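First residue of the sequence shown: 1, per my numbering; consecutive thereafter. Beta carbons are placed, not taken as given, at the ideal position from N, Cα and C, and that holds for glycine. Remember, predicted model here, so these are calculated numbers, not experimental data. Shown next, in structure tokens, is the structure this report addresses.
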Amino acid sequence: MKTTIPKGLICPLLTPLKADGQIDAVGLTQLWEYVSPFVAGISLGSSFSLEGVYLNVEQKQALFKLVSGLWNGNPQLFLDITAPVEETTLKLAQFATALFEPYLDKVVIEILPLWYRSNRGLPQYLDKLHEQTGATFIIANHPKLVNIKKKVLKHADIRTSVFKKIVQRNFIRGIIFQGALTRFFNYQRALHERTDFTFYEGDEISFLTRPSSDGVVALTANLVPKMWQSLTENILNTKEQTGKTDLMKVFNLGKELKTLHELCEFSPGVIKWSLVQLGILKEVYSPFPTPLKENILDKLKTWVNKNVKGGGQC
1 MKTTIPKGLI CPLLTPLKAD GQIDAVGLTQ LWEYVSPFVA GISLGSSFSL
51 EGVYLNVEQK QALFKLVSGL WNGNPQLFLD ITAPVEETTL KLAQFATALF
101 EPYLDKVVIE ILPLWYRSNR GLPQYLDKLH EQTGATFIIA NHPKLVNIKK
151 KVLKHADIRT SVFKKIVQRN FIRGIIFQGA LTRFFNYQRA LHERTDFTFY
201 EGDEISFLTR PSSDGVVALT ANLVPKMWQS LTENILNTKE QTGKTDLMKV
251 FNLGKELKTL HELCEFSPGV IKWSLVQLGI LKEVYSPFPT PLKENILDKL
301 KTWVNKNVKG GGQC
């Protein structure tokens with residue numbers, strides 16, 4: 001059966017961790033129940049959570065296993081297998097596909113290949129991963145994150161010439177894109193023959209200004225999934241529209257979510273701090289280095305009091 005790839009809102013779920021680095025199963029359950037009713041898909045260990053590439057193999061395996069006990073087939077699952085080296089990435093891919101083997105029509109393997117390798121030979125490398133797992137893949141392009149690790153002169157984007165070869169592989173069904181506008185258009189042009197290829201916007205502000213026709217992967221959906229769902233449904237016309245009222249709703253939601261993004265940009269720990277204030281998580285700890293600045297936290301608290309506690313999100 002062909003794997004379905006949903007349009008709409010995808011949440012790169014944050015990973016609740018205890019101080020000793022173990023997964024907080026209670027926090028994970030509460031965050032899952034808070035987010036899952038409002039999204040088309042959830043990505044576990046995603047590079048777009050910013051934490052995913054900093055989780056070790058044991059943490060990702062534990063995360064996948066815990067969610068396998070929470071998941072009832074909905075929403076769509078994206079399992080990010082990105083690891084520091086190719087061998088570990090393969091190990092995670094094999095673990096994930098074996099764990100969810102009965103449900104592979106509703107599970108997608110997500111990968112940020114430039115985190116641990118170069119563009120050279122990338123299409124052939126993906127062929128080998130597919131041969132060894134039989135999985136459906138979605139690739140990530142995230143130069144902002146990759147540049148943290150790589151030298152400035154190294155390519156942090158999948159080159160357009162390489163992307164053209166990648167999209168010829170039918171087992172690769174989509175991309176989560178963060179990057180320059182020129183590359184966005186170059187990638188789009190390369191898709192003219194792939195009507196079944198899903199193009200998610202991986203930058204919240206870019207989605208608000210140039211919405212992808214397929215959806216958005218939004219980190220702040222961990223905090224306000226209902227707001228993001230409402231915005232995404234209106235932008236993508238996934239539900240019946242009511243004219244001017246919806247246009248005003250999109251404007252107001254976009255304005256508030258832009259402010260939230262600016263407060264939480266590249267700061268998963270700040271989002272976790274707010275989730276602790278809401279009683280959803282117990283620990284703020286994030287493997288991605290996040291400074292918790294008092295002036296930002298004060299502004300975020302005011303925003304949450306207005307839009308979450310006062311706006312019916314909880």
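Which residues DSSP lists as bridging Ala140, in chain order
Ile176
Gly316: buried (16+ other C-beta within 10 angstroms of its C-beta) or exposed?
Beyond the ends of the chain as shown, which are 1 and 314, falls residue 316; an answer cannot be given.
State the DSSP-derived secondary structure class of Phe100, mapped to helix, strand or coil.
coil
Neighbourhood of Gly52 by C-beta, 6 Å cutoff - its chain only, sequence neighbours within 5 removed:
Gly45, Ser46, Asp80
For the stretch 242 to 261 against the stretch 11 to 25, are there 3 or more C-beta pairs whose distance is under 8 Å?
no
Kindly list the residues whose CB is nearer than 6 Å to the CB of Gln241, restricted to its own chain and excluding five residues on each side of it in sequence; keep chain order.
Low confidence applies to Gln241: its pLDDT is 49, below 50, so where it sits in the model is not reliable enough to give any reading.
How would you write the range of the alpha helix (DSSP H) that Tyr187 sits in, first residue to last?
181 to 190
With Leu114 as the anchor, note down where its alpha helix (DSSP H) starts and where it stops.
Note, Leu114: premise wrong, no alpha helix (DSSP H); not H, not E.
Do Val270 and Leu300 have their C-beta atoms within less than 9 Å of each other?
yes
Count the other CB atoms, across all protein chains shown, that sit within 10 Å of the CB of Gln188; report buried if there are 16 or more and exposed otherwise.
exposed
Whole-angstrom distance between Gln124 and Asp196, CA atom to CA atom
21 Å
Would you identify the three-state DSSP class for Gln132, choosing helix, strand or coil?
helix
What residues in its chain sit with their C-beta under 6 Å from that of His130, if we drop five residues either side in the sequence?
Phe171
In whole angstroms, give me the CA-to-CA distance for Pro211 and Phe184.
12 Å
So, Gln76 versus Ile5, is the Cβ gap smaller than 9 Å?
yes
By Cβ distance, which residues of its chain are closer than 8 Å to Val224, with the 5 residues on each side in sequence left out?
Leu257, Leu260, Asn307, Val308, Gln313
State the Cα-Cα distance for the pair Gln59 and Ala83, rounded to the nearest angstrom.
11 Å
Ala19 vs Phe64 beta-carbon contact at 9 Å:
no
Backbone secondary structure at Glu51 - three-state DSSP:
coil
Going by the beta-carbon positions, is the gap between Tyr200 and Phe163 smaller than 9 Å?
no
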